[in-house]
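K.L.:
Residues in the sequence shown are numbered from 17 upward in steps of one, following the working numbering.
Glycine included, each C-beta is placed from N, C-alpha and C at the ideal position.
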Amino acid sequence: DTATGRYLENDRLPLRKVHEIDNRGSTFYLTLYWAQALAEQDADLELARRFGPVAAALAENEGKILLELDQAQGDAQDLGGYYKPDAARVTAAMCPSETLNRIIDAV
């Protein structure tokens, strides 16, 4: 509830215009707020310990991640098909931030 509340209070919903927050940027904020909420909770200290560095890395790199996500906007994406897209192309299009990918892959 804490993470979802922050997401809604800070109005991080995706917008429609190019170079505004899109689904990828919106998902970044959900990830950030969830990591922060898990790091701040005290019901499971192991979980808090595990997500503390993740939350810190996401917060420290917020500007860089948002820039990488913004730079991926505006161009058409070739997904290798409409009904059966190529998984690698979809991943490249939907996960364009190397910084965010590195942080998430380390979890």
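Exposed or buried, Y98, counting other C-beta atoms within 10 Å across all chains shown (16 or more means buried)?
P.N.:
Taking a 10 Å sphere around the C-beta of Y98, we find fewer than 16 other C-beta atoms and assign the residue as exposed.
K.L.:
DSSP on Q93, reduced to helix/strand/coil?
P.N.:
coil
K.L.:
Distance check for A55 and R65, CA to CA, integer angstroms please.
P.N.:
Approximately 7 Å, taken between the alpha carbons.
K.L.:
Comparing alpha-carbon positions, which option in E76, E36, T43 and K33 lies nearest L24?
P.N.:
Per the Cα distances, T43.
K.L.:
At the level of alpha carbons, what is the spacing between A75 and A104?
P.N.:
Rounded to whole angstroms, the separation of the alpha carbons of A104 and A75 is 28 Å.
K.L.:
With distances taken between CB atoms, is the gap from R40 to L85 smaller than 9 Å?
P.N.:
yes
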